[in-house]
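S.K.: Sending over a structure as structure tokens; questions will come in a sec.
Numbering (our numbering), first residue to last: 10 to 210.
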């Protein structure tokens, strides 16, 4: 049985050398990267030489001098890739990158605290922790797994690996019966690649 997530998102992160001050809603509208109907209603939270952040319809953008990040929680997620490819292929193709990553995040509602505990105890059994592990539920308090991260080294010949993290979600409420699953991979740009080489779509 497939469980549908309550929240499903994707982010693209680039590490390199960026000029945060240019990444404003007006710049995106000027170059036709986002429609004016989206940029006119954007929430520009900060625009500075060191950091820019805004939210516009389906897009959340955060740029510092060494990190570019865009995220969406709305399908279709492919438009995020298309936007990043257009930015750095058509307009900022001389921007040097050191690494890039694509991350997938999904948030699930579990049926009950008992179901949440079953998942936690399956992934992180208390028995190997001995007496300390058995004391997690003493005195009416409830302890256990907070997060779990698994790493895979060099899958499919990639020079770096990928990792998946399971933790309790804070995006879909404060209830402790929510789960967030994040999976992503990061690729380091080869040192032989010229910094002016554009991204391929």
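Every residue gets a Cβ at the ideal spot worked out from N, C-alpha and C, and that includes glycine.
No experiment lies behind these values; they were computed from the predicted model shown.
Looking only at its own chain, which residues have a Cβ that is under 6 Å from the Cβ of residue 56, when we skip the five neighbours before and after it?
M.R.: Excluding positions up to five away in sequence, the list reads 33.
S.K.: At a cut-off of 7 Å, is residue 97 close to the ligand ADP when judged by its beta-carbon and the heavy atoms of the ligand?
M.R.: This structure lacks the ligand ADP; in fact it carries no ligand of any kind.
S.K.: Which same chain residues, not among the five before or five after residue 48, have their C-beta less than 8 Å away from its C-beta?
M.R.: Answer for residue 48: 34, 35, 37, 38 and 65, listed in chain order.
S.K.: Which residues bound the beta strand (DSSP E) around residue 177?
M.R.: Counting along the chain, the beta strand (DSSP E) containing residue 177 begins and ends at 171-177.
S.K.: Is it buried or exposed, residue 41, if we count other Cβ atoms within 10 angstroms and call 16 or more buried?
M.R.: With fewer than 16 other Cβ atoms within 10 Å, it is exposed.
S.K.: Answer with buried or exposed for residue 61, where buried requires no fewer than 16 other C-beta atoms within 10 angstroms of its C-beta.
M.R.: Buried, since its Cβ has 16 or more Cβ neighbours within 10 Å.
S.K.: Does residue 18 come out as helix, strand or coil in the three-state DSSP assignment?
M.R.: Three-state DSSP puts residue 18 in a strand.
S.K.: Under a three-way DSSP split, which group does residue 110 fall into?
M.R.: Here residue 110 sits in strand by DSSP.
S.K.: Identify whether residue 222 lies in helix, strand or coil by the three-state DSSP scheme.
M.R.: This structure gives no information on residue 222, because the portion of the chain shown stretches from 10 to 210.
S.K.: Can the beta-carbon of residue 76 be found closer than 8 Å to that of residue 24?
M.R.: Taking 8 Å as the Cβ cut-off, residue 76 and residue 24 qualify as a contacting pair.
S.K.: So, using beta-carbon positions, are residue 119 and residue 113 closer together than 8 Å?
M.R.: It is not a contact, given that the beta carbons lie outside the stated cut-off.
S.K.: Output the distance between the C-alpha atoms of residue 50 and residue 63, rounded to the nearest integer angstrom.
M.R.: Taking the straight line from one Cα to the other gives about 11 Å.
S.K.: Please name the residue in 14, 137 and 88 whose C-alpha comes closest to that of residue 68.
M.R.: Nearest of 14, 137 and 88 to residue 68, Cα basis: 88.
S.K.: In whole angstroms, give me the CA-to-CA distance for residue 135 and residue 143.
M.R.: Between residue 135 and residue 143, the C-alpha separation is close to 6 Å.
S.K.: With a threshold of 16 other CB atoms inside 10 Å of the CB of residue 81, please say whether the residue is buried or exposed.
M.R.: With 16 or more Cβ atoms within 10 Å of its Cβ, residue 81 is classed as buried.
S.K.: Look at residue 117 and residue 22 and say whether their C-beta atoms are less than 8 Å apart.
M.R.: No.
S.K.: May I have a chain-ordered list of the alpha helix (DSSP H) segments no shorter than 4 residues that lie completely inside the region 86-134?
M.R.: Complete alpha helix (DSSP H) runs here, min 4: 87-95 and 122-132.
S.K.: Throw me the rounded Cβ distance for the residue 129 and residue 154 pair, which I believe falls under 8 Å.
M.R.: Confirmed, about 4 Å.
S.K.: Given that a residue counts as buried once 16 or more other Cβ atoms are within 10 Å of its Cβ, and exposed if not, what is residue 151?
M.R.: With fewer than 16 other Cβ atoms within 10 Å, it is exposed.
S.K.: Nearest CA to the CA of residue 30: which residue from 177, 53 and 12?
M.R.: Nearest of 177, 53 and 12 to residue 30, Cα basis: 53.
S.K.: Can you say whether residue 43 is buried or exposed, counting buried as having 16 or more other CB atoms within 10 angstroms of its CB?
M.R.: Counting Cβ neighbours within 10 Å, residue 43 comes out buried, since at least 16 surround it.
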